[in-house]
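Numbering (the working numbering), first residue to last: 45 to 194.
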């Protein structure tokens, strides 16, 4: 197919600047209530529910800097000939719970990019890796996310 340019391929391995976030008990409690958690450890803010980091690590940007999907425009999105982007799946590995007072450092990188032929035309797969660690380097979460461009 040859849809991925050499310039786009050079982005494989690139990373965004690390994001540092301090986790507060109040943020955990607000998230737990808004997502209708039932476990006391979440409602009391003793531990964050598994999907808490999905929102906590999102950049806070003005509305005009959001893409059509409502997510902040990413620097790791290469220029591609196909324009429609879909979620392709996520794999998450948790090493330890997120707790109030944690200072976490998250680094997102473009791990891979490849093409496939779909039933309705060509597809480009973008594979992103998110590593979340404590400030001391202890692993907390590792996420692999695939986006499909068609």
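Yeah, the Cβ is synthetic: ideal placement off N, Cα and C, and Gly gets one too. Note that the coordinates shown come from a computational prediction; the quantities given were computed from them, not determined experimentally.
Shown here, residue 105 sits in coil according to DSSP, grouped into three states, outside any helix or strand. Judged by DSSP in its simplified three-state form, residue 116 adopts strand. Judged by DSSP secondary structure, residue 157 falls within the beta strand (DSSP E) whose first and last residues are 147-162. In this structure, the beta-carbon distance from residue 192 to residue 130 falls below 7 angstroms.
In the DSSP assignment, the residues bridged to residue 59 are 153.
Taking a C-beta distance under 7 angstroms as the contact criterion, residue 150 and residue 101 qualify as a contact pair. A residue is called buried once 16 or more other Cβ atoms fall within 10 Å of its Cβ, and residue 58, having fewer, is exposed. Beta bridge pairing from DSSP links residue 174 with 152, 187. Between residue 142 and residue 92, the beta carbon gap of about 4 angstroms places them in contact (Cβ cut-off 8 angstroms).
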